[in-house]
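Asker:
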Amino acid sequence: MSTQTATRGTHRPRVATGSSQKFNDHSRPAMAFLAPFVGLYVLFIIGPAIYGLVMSFFDTSLVKPGLSTFAGLGNYAEALQSADFWSSLWHTIWFTILTTPPLIVLGFVLALLADRVGRGRWFFRLAFFAPFILPSAVMALIWIWIYTPGLGLLENALKSIGLGAPNWLGDPAWAMPSLAISTVWWTLGFNFILYLAGLQDIPTELYEAAAIDGAGPWQQIRSITIPLLARTTTLVAVLQVIASLKVFDQMYIMTAGGPNFSTRSVLQYIYDEGFTNFRVGYASALSMLFFVVVLAVSAAWFAIVRSQESEV
Amino acid sequence: MNLPLSSHQGSGRGPTRRTFLKGGLAMAGLGLGGTALAGCSSDSVASGLTVSRKETNSVDFWNLFGGGDGVRMQEMLDAYRKTHPSVGLSAVTLAWGNPYYTKLSLATLGDKPPDVAVAHLTRAKTLIAADLLEELTPDALATVGITPDKLSKRAWDAGLVDGKAYTVPLDTHPIVTFYNTDICEKAGLLDSGGKLKPLTSEAAFMDAMAKAKAVTKTYGGVSPINNETSTPWRIFQSLYSQLGGEVLSDGGTKVVIDEDRAIKVLTFLDGLRTKQLFPSSVDYEGSIAMFANGQSAFLFQGEWEISTFQTAKTPFSMAPFPNLYGGANYACQADSHTLCIPKQPARDDKAFENSLGFIRSLLDQSDTWAAGGHVPSWLPYAKSPAFKKLSPQSDYAVAADGAVYDPDGWYSGSGSDFEIITGSAIGSVQAGQQTPEAALAQMRTKLQTLADTASPI
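Protein chains in written order, with this note's numbering: chain V, 1 to 312; chain C, 313 to 769.
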């Protein structure tokens, strides 16, 4: 760092005035390096998103070429009046509520514990992070077998200690919590690693100073650890909420939206309408509405982060 | 000392990172150029670059057969390659259900369709309505010796649209009864020939299940409920059709479920659970496991699982789905796999000829296909003594004559939203989560919504 400021100083005469100086020698190669990514991004993400927006105003079908008949706001009206859409939205929000607090709290607790382990910390890091690298299909298959009625591991384990087991994936009341449990097991590692990294950034002098002042371990956690991890918590929470809202794989593979549609998330409803029913125009309208929901959630979180930063 | 400015490490120290990368890139470029030059004359590179089938004389075949019947299909494809070495066969297997049909329709719309494709008869109706399949005129089919009298009448007639044919049926796959011969013998359910005595009433069925349960000590019969909507629908449809009931009419725009008949069937299915003859919570793999290891004497599923149990060496045989209500009008839910030619972007007589020849070749190998459990539609084989000797396939072949296909509708067919809606409601009754009346009301409402929606075709 210090060498950089020295060289900047020697080149000072070049940095004169005006924004035209932004386009100095470093900008063009930077643009050249960014160009492939920007190109692919526009082609495969921005472009289709705009096309989707256009499609949502037509009755586009997967078995007919072109945009088909104009529907105006008909698709949006149908979506807002569709009981299936609202119930799938509620299922998604319920899933988010079931998974986000455990993923934040458990991630923090486990990181705290793993941080204090003297020897063998590498083992705990591996153990808690390993599930995260599994593809969703593998995770789903493992948990389908764990949840199998009659033959599954979980049911037999609970029976062996005298407890009964619910009908994990077959009971509408238990299906979503079961999916939440398997999701927490699967994605905990990511939050765990983020918290672990955040914990290691806290200087130990703070703890020592607090201990000298007579603070107990719980007080230290409450007054030092948690406040200094506020940034990490916000990051984890935002990522978690947005990822939970976009849930699809677990439902699709483990319950197919069942039993009796009780776990169908918004993305799965969009998939059912767009691909099973061939109604891509309607599915695009649903996607746009869902996009607005996710945008609203993100905006809310941005507001919270802004207020947090102004406090600090 | 005058150090060269272009190198961090100093001169004479060997290759720098930049020179190494440059050299590597050059060598890779030479290598690519070399292979391109060498391969330029070969057909594969040419076809890869130009995607031109005219020069390569090939057949592109798409199917959705994984699992047991997928293995049989591979055998049939290998046999075709041996008998037609000049034609380059390229076969792709895609996942069953939506992933297959969306790809097939989009590929056809995008002018890159396969030459021949498999399609369920009920789903092919949608493709035909969307004008995505080539018509197979009687003359065209006759050039390879395929005539309607050589194909199963029921499957052939069901596939016609306005009297025109767009598909050639390969098989009919009905839902059937698997029964464990050892357990059924102990329970006294077999006749003198060692075959299952026909169950022709609700009471007889319940009685048989109770006797079987006494032997297995767990359950009499099983059919999957969890994470599965096709099987509950198939069981319901078989029994409901035996009563003469219909679900949709007018091309799917009207819901015509008969309240009394539907409640009768749903109540019966509910009774199997309350009397604990069938488990109320079991998924597809679990139902297979339960039958294979003798926890259940009966399994009600499609015939394609025959290979699973032959491999597991379960002592079993098969029979048509029980005729509880039908009497003389036997009915059981089924669909047919058909072969079709998607609309090609340009008329190519040679490719069309190859495609028809390929279809004929698959029909000729109906013996291999039937070994996988499906009931062949190709009558020269189906009526032959060889098939009659094939057991247990020949025991349930008669079920194909009573096959009831899913009703017409843009949202109907194998693996469609129609099956998801009906199967979910029926499954909830089988699982004890809803009363028959509530389930029927739910089915009616959801189907009505789809019936009222304009068809995307």
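Where is the CB? At the ideal position from N, CA and C, for every residue including glycine. Computed from a predicted structure; not experimentally measured.
Could you tell me which chain C residues have their CB closer than 7 Å to the CB of V:S284, listed as they occur along the chain?
Answerer: Residue 284 of chain V sits at position 284 when you count from the first residue of the first sequence. Those do not exist, as V:S284 stays about 13 Å from chain C at its closest Cβ, beyond 7 Å.
Asker: Any idea what DSSP makes of C:L752, helix, strand or coil?
Answerer: To locate residue 752 of chain C, count along the second sequence from 1; it is residue 440. Correct three-state label for C:L752: helix.
Asker: Roughly how many angstroms lie between the CA atoms of C:G475 and V:M176, to the nearest whole one?
Answerer: The residue you call residue 475 of chain C lines up with position 163 of the second sequence. The residue you call residue 176 of chain V lines up with position 176 of the first sequence. Going by the C-alpha atoms only, they are around 49 Å apart.
Asker: Compile a chain-ordered list of the residues in the region 266-279 of chain V whose CB is closer than 7 Å to at least one CB of chain C.
Answerer: Within the region 266-279 of chain V, the qualifying residues are D272, F275, T276, N277, F278 and R279.
Asker: Can you tell me which of V:I304, V:L103, V:L163 and V:A285 puts its alpha carbon nearest to the alpha carbon of V:G74?
Answerer: For the purposes of this step, residue 74 of chain V is taken as the residue at position 74 of the first sequence. Checking every option, the nearest Cα to that of V:G74 belongs to V:A285.
Asker: Out of C:D423, C:F490, C:W408 and C:P397, point me to the one whose CA is closest to C:D707's CA.
Answerer: Numbered from 1 along the second sequence, position 395 holds the residue referred to as residue 707 of chain C. Closest by alpha carbon: C:F490.
Asker: I need the DSSP call for C:D355, collapsed to helix, strand or coil.
Answerer: In the second sequence, residue 355 of chain C corresponds to position 43, counting from 1. Low confidence applies here, because C:D355 scores a pLDDT of 49, under 50, leaving its location unreliable; read the following figure in that light. In this structure, C:D355 counts as helix in the three-state DSSP scheme.
Asker: Can you list, in chain order, the stretches of the alpha helix (DSSP H) that have 4 or more residues and sit fully within the region 376-449 of chain C?
Answerer: Runs found: 379-395, 410-421 and 433-441.
Asker: Here's the rule I'm using: 16 or more other beta-carbon atoms within 10 Å means buried, otherwise exposed. How should C:W545 be labelled?
Answerer: Taking the first residue of the second sequence as position 1, residue 545 of chain C is located at position 233. Its Cβ being crowded by 16 or more others within 10 Å, C:W545 is buried.
Asker: Is there at least one Cβ from chain C nearer than 7 Å to V:A256's Cβ?
Answerer: Counting from 1 along the first sequence, the entry for residue 256 of chain V is found at position 256. Output row for V:A256: interface = yes.
Asker: With V:F261 as the anchor, note down where its beta strand (DSSP E) starts and where it stops.
Answerer: The count along the first sequence starts at 1 and reaches residue 261 of chain V at position 261. That residue, V:F261, is in no beta strand (DSSP E); it is neither H nor E in DSSP.
Asker: Entirely within the region 43-110 of chain V and at least 4 residues each: give me those alpha helix (DSSP H) ranges in chain order.
Answerer: Here the runs fully enclosed are 47-55 and 74-81.
Asker: If we call anything under 7 Å between Cβ atoms a contact, is V:F290 one with V:V266?
Answerer: Locating residue 290 of chain V in the first sequence gives position 290, where the first residue counts as 1. Locating residue 266 of chain V in the first sequence gives position 266, where the first residue counts as 1. Yes, the Cβ-Cβ distance between V:F290 and V:V266 is below 7 Å.
Asker: With a threshold of 7 Å between beta carbons, is V:G170 in contact with chain C?
Answerer: As a position in the first sequence, residue 170 of chain V is number 170, starting the count at 1. By this cut-off, V:G170 is an interface position.
Asker: Decide yes or no for the touch test of the region 142-157 of chain V against the region 81-95 of chain V: beta carbon pairs closer than 8 Å, at least 3 of them.
Answerer: Segments in contact, no.
Asker: Taking only beta-carbon atoms, is V:F183 less than 7 Å away from chain C?
Answerer: In the first sequence, residue 183 of chain V corresponds to position 183, counting from 1. According to the sequence displayed, residue 183 of chain V carries Thr and not Phe. Output row for V:T183: interface = no.
Asker: Less than 7 Å between CB atoms is the rule here; does C:L421 satisfy it with respect to chain V?
Answerer: Reading the second sequence from its first residue, position 109 is the one you call residue 421 of chain C. So, interface residue.
Asker: Roughly how many whole angstroms lie between the Cα atoms of C:P510 and C:L759?
Answerer: As a position in the second sequence, residue 510 of chain C is number 198, starting the count at 1. As a position in the second sequence, residue 759 of chain C is number 447, starting the count at 1. Rounded to the nearest angstrom, the two C-alpha atoms are 34 Å apart.
Asker: Should the region 534-548 of chain C be called in touch with the region 615-629 of chain C, which here means at least 3 C-beta pairs below 8 Å?
Answerer: Output reads no: the region 615-629 of chain C does not touch the region 534-548 of chain C.
Asker: Residues of chain C with CB under 8 Å from V:K64, in chain order?
Answerer: Position 64 of the first sequence, counted from the start, is the residue given in the question as residue 64 of chain V. Within 8 Å Cβ-Cβ: L421, A442, P768 and I769.
Asker: Considering just the uninterrupted stretch of the alpha helix (DSSP H) at C:Q549, what are its terminal residues?
Answerer: Translated into the one-based positions of the second sequence, residue 549 of chain C becomes position 237. Run containing C:Q549: S542 to Q554, per the alpha helix (DSSP H) assignment.
Asker: Out of V:V294, V:L43 and V:A49, state which residue places its alpha-carbon closest to the alpha-carbon of V:I242.
Answerer: Position 242 of the first sequence, counted from the start, is the residue given in the question as residue 242 of chain V. Out of V:V294, V:L43 and V:A49, V:V294 has the C-alpha closest to the C-alpha of V:I242.
Asker: So V:E78 and V:Y282 are supposed to be a Cβ contact under 8 Å. How far apart are they, rounded?
Answerer: As a working note, residue 78 of chain V is residue 78 in the first sequence. As a working note, residue 282 of chain V is residue 282 in the first sequence. Indeed they touch by this definition, with Cβ atoms about 7 Å apart.
Asker: Quick check on this structure: which residue in C:M388, C:V383 and C:A407 has the alpha carbon closest to the alpha carbon of C:S678?
Answerer: Here residue 678 of chain C is taken as the residue at index 366 of the second sequence, counted from 1. That would be C:M388, whose Cα lies nearest to the Cα of C:S678.
Asker: Would you identify the three-state DSSP class for C:Y596, choosing helix, strand or coil?
Answerer: Here the question's residue 596 of chain C lines up with position 284 in the second sequence. Helix, per DSSP.
Asker: For the beta strand (DSSP E) containing C:Q613, list its first residue and its last residue.
Answerer: As a working mapping, residue 613 of chain C is identified with position 301 in the second sequence. Run containing C:Q613: S608 to G614, per the beta strand (DSSP E) assignment.
Asker: Taking the runs of the alpha helix (DSSP H) that are 4 residues or longer, which of them lie wholly in the region 647-696 of chain C?
Answerer: Qualifying alpha helix (DSSP H) stretches, in chain order: 661-676, 678-683 and 691-694.
Asker: Look at the Cβ atom of V:L188, then the Cβ atom of V:S178, and state whether they are nearer than 7 Å.
Answerer: Start at 1 with the first residue of the first sequence, and residue 188 of chain V comes out as number 188. Start at 1 with the first residue of the first sequence, and residue 178 of chain V comes out as number 178. Not a contact, by the Cβ cut-off of 7 Å.
Asker: By DSSP, does C:N492 sit in helix, in strand, or in coil?
Answerer: By 1-based counting over the second sequence, the position of residue 492 of chain C is 180. Reduced to three states, the DSSP call for C:N492 is strand.
Asker: Does chain C have any CB closer than 7 Å to the CB of V:S27?
Answerer: Here the question's residue 27 of chain V lines up with position 27 in the first sequence. So no, V:S27 is outside the interface.
Asker: Could you give the C-beta distance for C:L651 and C:T459, rounded to a whole number, given that I count them as a contact under 8 Å?
Answerer: Taking the first residue of the second sequence as 1, we reach residue 651 of chain C at position 339. Taking the first residue of the second sequence as 1, we reach residue 459 of chain C at position 147. That pair is no contact at about 15 Å.
Asker: Just the C-alpha distance for C:T331 and C:G341, rounded to the nearest angstrom, thanks.
Answerer: Indexing the second sequence from 1 puts residue 331 of chain C at position 19. Indexing the second sequence from 1 puts residue 341 of chain C at position 29. Answer to the nearest angstrom: the Cα atoms are 15 Å apart.
Asker: Give me the Cβ distance between C:H686 and C:D469, rounded to the nearest whole Å; I'm assuming they're in contact under 8 Å.
Answerer: Within the second sequence, numbered from 1, the residue matching residue 686 of chain C stands at position 374. Within the second sequence, numbered from 1, the residue matching residue 469 of chain C stands at position 157. Going by Cβ atoms, the distance from C:H686 to C:D469 rounds to 19 Å, so no, they are not a contact pair.
Asker: Between which two residues does the beta strand (DSSP E) carrying V:A175 extend?
Answerer: Taking the first sequence and counting its residues from 1, the one referred to as residue 175 of chain V is at position 175. From DSSP, V:A175 is part of no beta strand (DSSP E) but of the alpha helix (DSSP H) over P172 to D201.
Asker: Could you tell me which of C:L752, C:T765, C:P692 and C:P697 sits nearest to C:W721, measuring between CA atoms?
Answerer: What you label residue 721 of chain C is simply residue 409 of the second sequence in a count that begins at 1. A small fix is needed here, since residue 721 of chain C is Gly in this sequence, not Trp. Among C:L752, C:T765, C:P692 and C:P697, the Cα nearest to that of C:G721 belongs to C:T765.
Asker: Between the C-alpha atoms of V:F302 and V:G118, what's the straight-line distance to the nearest angstrom?
Answerer: One-based indexing of the first sequence puts residue 302 of chain V at position 302. One-based indexing of the first sequence puts residue 118 of chain V at position 118. Answer to the nearest angstrom: the Cα atoms are 38 Å apart.
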